[in-house]
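Engineer:
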Amino acid sequence: MTCHNNLQDNDGWTALLWAAHGGHTGVVRLFMVHPDTEPDLNNNAGETALMKASVYGHEPVVRQLISSYRTTIDKHHPDGSTALLWAAAGGNVGCIVALLNENANMNNVDKDGMDALMWAVSVGQTETTEVLVKRGADLSRKDKIGRSSLLMASETGHVEVASILLQHDTTDVNVYTKDKVTSLMRASEHGHSAIVNMLCKCHDTDVNVQDGQGRTALLFAARSGHTDCVYILLHHPSINPNLCDLEGHTPVMLAASGGHEDVLNALLSHREINITIKTQNGFTALILASRSGQRAIVKRLLAHPEVDINEKDGSGLTALAWAARTGAVHIIELLQQYQSLQPNVCDGSGLTPMIWASRCNQLLSVKTLLRDTRCDIMAKDKTGDTALDWAKKENNKEIVQLLTRYTQLSTETSEDTGDDTASDSSWHTPSVMAYRYDDPVSDMQVDNIQDVVKLLENGPYISWRQKTGKTSFLWAVASGQAEVVKVFMLVPGLDVNEQDEYGHTPLMVAARNGHVEVLRLLLTHEDVSFSHTDWRGRSALIIAAEFGQVRTLTALLRCSEVNVNQQDKEGHTALTIAAIAGMYEITNALLRHPHINVNITATDRCSALLFAVRAGHNDISELMIGFLKTDVNLEDCYGDTALHVAAGYHGNMVVTRCLLKHSHIGVNRRNGQGSTALILAAKNGHMDCVKKLMEHPLIDVNQRDNDDKTVLMYACIMGREDIVCLLFSHPDVDPNLRCKEKRMTALLLATQNDHSSIVSLLCARKNLDVNQMDEFRATALMHAVRRGSQPSVEALLERPDININTSDVQGKTPLLCALADGHYDLAMLLLARPDVDVNAKTLELKTALMYAAVFPEGLPALRLMLAISGVQQGNSLDLLQVNAADENLCTALVHACKSGNVEAAVALVETDGVDLELLDDQSMTPLMWAAMLGFRVIVQALLQVRTLDMNALTPDGLSALGLACECGQVEVVQQLASHAAVDVNAGDSAGRTPLVAALEKSQHECVRVLLQHPAHSLSRAGVRPPYLPPTLKAMVNLYRKNVQVRNALVLCAPPPSLVVDGVGRAGEMCVAGGGEVASILLSLPRPFQVVQHVLRKASPESLNTQLDEFAAKIQPEVEGAVILFISGEILVTPEGPALSLASTHSAPTNVLLSSLLHKLVQAPTLVMLLDAISVKIDQASSQSTHSAPYTHIFPPLLHPSMAILGAMSRERQQVVGSRCSLFSGVVARELLHGVSLAQLHQRVNLALTSHSSPTSATPLSATLLSNLTQDWLF
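Read left to right, the sequence shown gives residues 1 to 1274 (the UniProt record's numbering).
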């Protein structure tokens, strides 16, 4: 099955991305050693594995990722950020240092212009900021809106970060944004007083600098109400507290309009403050405060000697006018207290405050202004309109009615005054009327009481009602004037049950206000109704109870017609309302009534007792409990009784004790959730109530709720040791009961929640079943191990009946759980037990030894298990199974090798009986895994085992060396290649050797190591298509010209039985010679023409014709370079040697090569001439030609882009059959894989020596000739 390392889910996440996100270093390491893994793949959000690991602070993962050349460290997110920016935000210093050490660009910015330092500063990463500053981060850089790092720190309030930035001289404290906002302004605006203080202490800080709207730091602090910042700024010696913004607002004005009293006090305490400054609209601080309705601010400003209460703004409006206009009644009342106030000051249009209030429909403002005798309601504006006229214009009916009535009353009063006008005028003032009726009069009652006075003077007028629906009779009742009420009651046709807009009758009003005499008068009327209710459905009795009027309530209770149990719309009676409000006297009075029903329920089905208990009124609760007719077990809509509430929820010992004394108390009653009072008291930690409940003789300590949990279970869940001890004092408590949640017991719940002290208490109980399991077959010991609780594990292990080998649904025993979860100290405790089963397996067939072999921390446990020669289980001896394999056929040794646990692997290798050659499901041995993953120490330990097969192959035909080459583990390749037992040419029948694996994955360093090995065989490598060795490309790419090989001419004589696909071959020497080269060239990407020609039986004319045709097809400017590979007896033709050295030439000439090279002079050409034998020279040639015949094989160098490499042996024997000579095959193999000339000479001679028979004489050395100007290597 093929594994796709780069497969992505619907959100674009790869397995590597998930591993990096979770910080799984081992998994990331496995992926990174795989050559096909692409670490730069991003998900749909644009996040890469490196970004995820960086932001979450997984330093080992970051180091794993950046160690690969495939990882782009500065890859950009769609928002422009890089991994360094993410690491800066994450705050892990190790990740930052690792990225910077790998030359991560610290100047990268995101789309907002923020660099790594800004990211760190914006989230307050102190250590990260310090590292970046030390590594040279640019402190003066700004983002796209002009914010610097210091400004961001000031904005976010990160004091430590700002301190680090301010310690550097390059930090400009006055740098500003595009809006000219500075760091000091931002800190002042957000109330970061510590940063404001630091900035003010800097000598070059300009505290008076203004932004684009003219605002200073002091203006920002005052507007936001940050008193501390204001004080700090005011103490700066160069502060100007009167600077205003473009609209003319000063700090005092902004503090006043915002209602910041403390800020205003701080500003007014400054000696240079100017409170008389006005804005461009003429507003002062007083007018702005009045306009905003800031009463405390107005009062504070009026206390300042320079403030004028009557000052006007640009439109002529005063503070009073603005208060009247906006309906700020509390401001009007405050201003009216000052004698210097002029309430009739008009603005530019002649409008007074009264006119403004009428015009703006501010009814309360009009009424408040009318109280001031200085107010002139007849004042007119410039158009002659009064306040009443404006009210009519704006159709403000209520104000029209009020001003009309006020005008009429004023007129009638003036007519009735006679000679004593002043005396009669004072008759209608609120103060005189309040004194006359001996009752406080509210502002809303002023006009209505005047109606009453007029009624008494001019006769009854009982039908008139004002807007509240109250008649004069109702007002008389409300004010408690018994004499006045008597007069009204004498009026024929009086409706004694009339109701106002809220449905209140005179009887209700008298009961509410506590006017007993008035109430008694009303009760004497024959038409008075006790059953009338208001809009809430409340009767006079309920209202009397609601307002705590004991006297009126007692008077009503004496009437036989009164229904003491009458309920309002929510079901409340007078008794329930009294119980809620905690009115003891009223409750007591109601309980004395013979017809009282104390068990009537109201909202949430609560009775009076439940309401009293809920509200915590102990005296009323005791009074209700002691009442004989009280049902103490009544439940509300949740099923809670008074005992549930008192003991379970509130922990009220007084009420609980009183309830438990009741003979009919249901101590074991359950509420809607099935909880008893005992369970609730335990859940809420009310220890005293738990103790008191357990003293009751009928208490059931094993009662369960709807989840089948008992009080003991809840105590175990919450870790209440005191409650557990108290419960164990009861003889009936059962610790082995199970609940519905996973079938847990009290012990299982205690271990699951890691309450070790409670576990110890439970283990001390003899009747406890310590081996009980939950629905997942987990015991208490397993839960304790998973929580890593050593005290709990020790307490459980002290039990003699403990079974430590019980397995859960995953097949894990406590030992396996401890090792799998990394609790190695607990594993050591379990291994110390003689009955521990070290060979237990999970459902995945994993053993304890495998888990211990994965991580270095498990080494002590692993060594202890290896030291155990056997364990006694029953009557049999079960030896430690060191070669046990899991479902993937991986042994403990394989796990150690795959995870890189060196010490564990070495310990296993040194253990007797460990099979080092067992194969897993991928047919991999431990040596192969260690080699592939690059664990040198493990490889070294395995190589020391003499019996180990070092050259075993995978199904892909690779040995351990081949796997190391494929994954680019250079050091392991060197280590394996230097071992005598390792075959560097090991491969399958298809020729897939370590060299092939290295070439396939472009692991150049590994190829270099293999090529330098003296025993390496290129013929075994059999470099197959479509892989062309990189050196061949480099050889053709002469003088750094970027051209591609697209044409080749292969001339072989005799031919090497070449097959086009490069598979079929006629023999090793044929494969090694022209066949190998032609096979490679034939497999190159099309278009590519390869001309094969057999020189034997070819005339020079026919050969020249074919060469002309080949050269004519080449277009150098389009098709690139040319390779000429000429091998075998290339100079032999039926007519004689192809090489003719004319005596007339100054130098011998190869006619064939010369002709061909002349035709290819325009194309970069590499001529490889091998085994040029049977060279014949004219007798007429010069003596120098006879002495050095091999140099004449090379024609003169015609073009700088041409290079010729020739190699020939001194042997004179002809090739046999259709095979190339031994020398030709060796040189071809070495030449194609890129070595220097010196290395080529050495290797060819070594190869010839190794192939020579023992009886043969020492072979002649090879001769290498070349016109290359430099060595060619990778």
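We put the beta carbon where it would ideally sit given N, CA and C, even for glycine.
Would you check if the distance between the CB atom of A256 and the CB atom of L301 is smaller than 9 Å?
Structural biologist: Walking along the sequence shown from the start, residue 256 turns up at place 256. Walking along the sequence shown from the start, residue 301 turns up at place 301. Result yes, Cβ atoms of A256 and L301 sit closer than 9 Å.
Engineer: Just to confirm before moving on: does the CB-CB distance between V785 and C817 stay below 9 Å?
Structural biologist: Numbered from its first residue, the sequence shown carries residue 785 at position 785. Numbered from its first residue, the sequence shown carries residue 817 at position 817. Going by C-beta atoms, V785 is nearer than 9 Å to C817.
Engineer: Is V518 closer than 9 Å to residue 1276 when the C-beta atoms are compared?
Structural biologist: The chain is shown from 1 up to 1274; residue 1276 falls before or after that span and cannot be answered.
Engineer: Since D308 and Q336 should fall inside the 8 Å C-beta cutoff, what is the C-beta to C-beta distance between them, to a whole number of angstroms?
Structural biologist: Here the question's residue 308 lines up with position 308 in the sequence shown. Here the question's residue 336 lines up with position 336 in the sequence shown. Taking 8 Å as the upper bound for CB-CB distance, D308 and Q336 are not in contact here, some 16 Å apart.
Engineer: Could you check which residue in E127, N108, H158 has the C-alpha nearest to that of K142?
Structural biologist: Working through the sequence shown from its first residue, we reach residue 142 at position 142. Checking every option, the nearest Cα to that of K142 belongs to N108.
Engineer: With a CB to CB cut of under 6 Å and the five nearest residues on each side skipped, what residues in its chain are close to N668?
Structural biologist: On the sequence shown, position 668 is the one that residue 668 refers to. Taken in chain order, the residues that qualify are T676, D700, Q703.
Engineer: Hey, M152 and M118 are a contact pair by Cβ (cut 8 Å); roughly how many whole angstroms apart?
Structural biologist: Stepping through the sequence shown from its first residue, residue 152 is reached at position 152. Stepping through the sequence shown from its first residue, residue 118 is reached at position 118. That pair is a contact at about 6 Å.
Engineer: On the CB-based measure, 16 or more other CB atoms within 10 Å of its CB, does E775 come out buried or exposed?
Structural biologist: To locate residue 775, count along the sequence shown from 1; it is residue 775. E775 is exposed by the Cβ-count criterion.
Engineer: Are G626 and I586 closer than 9 Å when you measure CB to CB?
Structural biologist: By 1-based counting over the sequence shown, the position of residue 626 is 626. By 1-based counting over the sequence shown, the position of residue 586 is 586. Going by C-beta atoms, G626 is not nearer than 9 Å to I586.
Engineer: Helix, strand or coil: how does DSSP classify T14 here?
Structural biologist: The residue given as residue 14 occupies position 14 in the sequence shown. Reduced to three states, the DSSP call for T14 is strand.
Engineer: Measure the alpha-carbon distance for D9 versus T48 and round it to whole angstroms.
Structural biologist: Indexing the sequence shown from 1 puts residue 9 at position 9. Indexing the sequence shown from 1 puts residue 48 at position 48. Approximately 14 Å between the Cα atoms of the pair.
Engineer: Taking C-beta to C-beta, are L916 and L879 nearer than 9 Å?
Structural biologist: Locating residue 916 in the sequence shown gives position 916, counting from the first residue. Locating residue 879 in the sequence shown gives position 879, counting from the first residue. No, Cβ-Cβ distance for L916 and L879 is not below 9 Å.
Engineer: With a threshold of 8 Å, are at least 3 pairs of Cβ atoms found where one atom belongs to the region 937-953 and the other to the region 39-58?
Structural biologist: no
Engineer: By how many angstroms is the C-alpha of C965 removed from the C-alpha of A853?
Structural biologist: Counting from one through the sequence shown, the residue named residue 853 turns up at place 853. Counting from one through the sequence shown, the residue named residue 965 turns up at place 965. Roughly 26 Å between the two C-alpha positions.
Engineer: Is DSSP giving Q408 helix, strand or coil here?
Structural biologist: Within the sequence shown, numbered from 1, the residue matching residue 408 stands at position 408. Helix, per DSSP.
Engineer: Checking the sheet assignment: what are the DSSP bridge partners for Q969?
Structural biologist: Taking the first residue of the sequence shown as 1, we reach residue 969 at position 969. BP columns for Q969 are empty, so no partner.
Engineer: Out of D385, V366, P800, point me to the one whose CA is closest to Q401's CA.
Structural biologist: Taking the first residue of the sequence shown as 1, we reach residue 401 at position 401. Nearest option by C-alpha distance: V366.
Engineer: Am I right that L334 and V298 are in contact with their C-beta atoms under 8 Å? What's the rounded C-beta distance?
Structural biologist: Here residue 334 refers to the residue found at position 334 when the sequence shown is read from its first residue. Here residue 298 refers to the residue found at position 298 when the sequence shown is read from its first residue. Sure, about 6 Å apart at Cβ, within 8 Å.
Engineer: Pick from T601, L474, K846, G191: whose alpha carbon is nearest that of residue 1358?
Structural biologist: Nothing about residue 1358 can be reported from this structure: the residues present for the chain run from 1 to 1274 only.
Engineer: Measuring CA to CA, which of T404, L761, A510, D527 is closest to V550?
Structural biologist: Within the sequence shown, residue 550 is the residue found at index 550, counting from 1. In terms of CA proximity to V550, A510 leads the group T404, L761, A510, D527.
Engineer: Considering only their Cβ atoms, is the gap separating N706 from G674 smaller than 9 Å?
Structural biologist: Translated into positions along the sequence shown, residue 674 becomes position 674. Translated into positions along the sequence shown, residue 706 becomes position 706. Yes, they are a contact pair.
Engineer: Alpha carbons only, please: which of G648, A319, D245 is nearest the one belonging to M687?
Structural biologist: On the sequence shown, residue 687 is found 687 positions in, with the first residue counted as 1. Among G648, A319, D245, the Cα nearest to that of M687 belongs to G648.
Engineer: Thinking C-beta only, is V131 closer than 9 Å to L150?
Structural biologist: Position 150 of the sequence shown, counted from the first residue, corresponds to residue 150. Position 131 of the sequence shown, counted from the first residue, corresponds to residue 131. Against a cut-off of 9 Å, the Cβ pair of V131 and L150 comes out as no contact.
Engineer: With burial defined as no fewer than 16 other Cβ atoms inside 10 Å of the residue's Cβ, what is the status of R271: buried or exposed?
Structural biologist: As a position in the sequence shown, residue 271 is number 271, starting the count at 1. The residue is exposed, with fewer than 16 neighbouring Cβ atoms inside 10 Å.
Engineer: Per the DSSP calculation, M773 is bridged to which residue(s)?
Structural biologist: For the purposes of this step, residue 773 is identified with residue 773 of the sequence shown, where counting begins at 1. M773 pairs with T779.
Engineer: Measuring only the C-alpha atoms, how far is H190 from I287?
Structural biologist: Locating residue 190 in the sequence shown gives position 190, counting from the first residue. Locating residue 287 in the sequence shown gives position 287, counting from the first residue. Computed Cα separation, rounded: 27 Å.
Engineer: According to DSSP, is Q703 part of a helix, a strand, or is it coil?
Structural biologist: Taking the first residue of the sequence shown as 1, we reach residue 703 at position 703. Of the three classes helix, strand and coil, the one that applies to Q703 here is coil, per DSSP.
Engineer: Just confirm the distance between the C-beta atoms of A986 and L1011, as a whole number of angstroms; I'd bet it's less than 8 Å.
Structural biologist: Your numbering for residue 986 matches position 986 in the sequence shown. Your numbering for residue 1011 matches position 1011 in the sequence shown. Contact doesn't hold; Cβ gap of about 16 Å is too wide.
Engineer: Please classify P506: is it buried, with 16 or more other beta-carbons within 10 angstroms of its beta-carbon, or exposed?
Structural biologist: Taking the sequence shown and counting its residues from 1, the one referred to as residue 506 is at position 506. Counting Cβ neighbours within 10 Å, P506 comes out buried, since at least 16 surround it.
Engineer: V645 and N618: beta carbons closer than 9 Å?
Structural biologist: In the sequence shown, residue 645 corresponds to position 645, counting from 1. In the sequence shown, residue 618 corresponds to position 618, counting from 1. The answer is no: Cβ separation not under 9 Å.
Engineer: Grab the span of the alpha helix (DSSP H) containing D262 for me, first residue to last.
Structural biologist: Counted from its first residue, the sequence shown places residue 262 at position 262. Where D262 is concerned, the enclosing alpha helix (DSSP H) stretches over 261-268.
Engineer: Measuring straight from C-alpha to C-alpha, what distance separates V914 and A87?
Structural biologist: The residue given as residue 914 occupies position 914 in the sequence shown. The residue given as residue 87 occupies position 87 in the sequence shown. If you draw a straight line from the Cα of V914 to the Cα of A87, it comes to about 44 Å.
Engineer: What is the rounded straight-line gap between the Cα of A952 and the Cα of K742?
Structural biologist: Numbered from 1 along the sequence shown, position 952 holds the residue referred to as residue 952. Numbered from 1 along the sequence shown, position 742 holds the residue referred to as residue 742. Distance between the alpha carbons of A952 and K742 is about 50 Å.
Engineer: Looking at chain D, is there any beta carbon in it that lies within less than 9 Å of the beta carbon of D912?
Structural biologist: Within the model displayed, chain D is absent; a lone protein chain is all it includes.
Engineer: Have a look at the DSSP bridge pairing and note the partners of Q940.
Structural biologist: Taking the first residue of the sequence shown as 1, we reach residue 940 at position 940. DSSP, once it has assigned bridges, lists no residue as partnering Q940.
Engineer: Report all residues from its chain with a CB closer than 7 Å to the CB of A478; omit the five preceding and five following residues, and keep chain order.
Structural biologist: The residue you call residue 478 lines up with position 478 of the sequence shown. If we look at A478 and ignore the five residues flanking it on each side, its Cβ neighbours are V509, N513.
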